[in-house]
Amino acid sequence: METFTCTVPVRFSDLDAAGVVNNAVYATYLEEARVAFAREVVGIDGHDEFPFFVVSLDLEYHAPIRELADVTVAVTVQHVGETSFTLAYELTVDDHLVAEAETVQVAVDFETGEKRPVPEEWRARLG
Numbered sequence: 477m478e479t480f481t482c483t484v485p486v487r488f489s490d491l492d493a494a495g496v497v498n499n500a501v502y503a504t505y506l507e508e509a510r511v512a513f514a515r516e517v518v519g520i521d522g523h524d525e526f527p528f529f530v531v532s533l534d535l536e537y538h539a540p541i542r543e544l545a546d547v548t549v550a551v552t553v554q555h556v557g558e559t560s561f562t563l564a565y566e567l568t569v570d571d572h573l574v575a576e577a578e579t580v581q582v583a584v585d586f587e588t589g590e591k592r593p594v595p596e597e598w599r600a601r602l603g
């Protein structure tokens with residue numbers, strides 16, 4: 477599968493007292509990219525069709541974001557398993573790498589709360 481990219485603007489409220497994006501906000505940038513990826517690539521639009529949970533998040537910081545900039549988030553599918561899939565992310569500002577991350581998502585049956593196989597239609601779109 478090809479890399480999916482989206483742009484997330486840095487908000488003034490994302491900056492901490494030191495004038496840099498707070499470390500916790502990076503997870504929000506990942507979430508915004510993941511939701512856009514789910515809608516545009518996987519074809520999931522809305523909570524009723526969004527039955528997967530993030531069960532693991534690994535985030536490595538490379539450089540601070542010091543301005544109200546646009547963060548480009550590149551999302552790539554790393555692995556599709558029986559009940560889960562792994563996404564890798566690269567966050568850049570003006571073509572400079574600021575962070576890398578990986579999340580593992582598990583498909584869930586909302587009625588039972590149990591994990592379930594990744595639907596075939598998702599599997600096809602995830603590559």
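According to my numbering, numbering within the sequence shown proceeds without interruption in unit steps and concludes at 603. Don't be surprised by glycine CBs; every beta carbon is placed ideally from N, CA and C.
Could you round the C-beta distance between residue i and residue j to whole angstroms and report it? I think they count as a contact, below 8 Å.
i	j	result
T481	A550	5 Å
Got a sec, what are the start and stop residues for the beta strand (DSSP E) residue i sits in?
i	result
V549	D546 to V556
Assign residue i to one of two classes, buried (16 or more other C-beta atoms within 10 Å of its C-beta) or exposed (fewer than that).
i	result
R510	buried
F529	exposed
D490	buried
Let me see if you follow: with CB-CB separation under 7 Å, is residue i close to chain D or not?
i	result
A494	The structure shown has no chain D; it contains just one protein chain.
Specify the secondary structure class of residue i as computed by DSSP and reduced to three states.
i	result
V501	helix
F586	coil
E508	helix
D612	Here the chain covers residues 477 to 603 and nothing more, so residue 612 does not appear.
E543	coil
TODO: Report yes or no: do the segment 535-546 and the segment 580-599 share at least 3 C-beta pairs separated by less than 8 Å?
DONE: no
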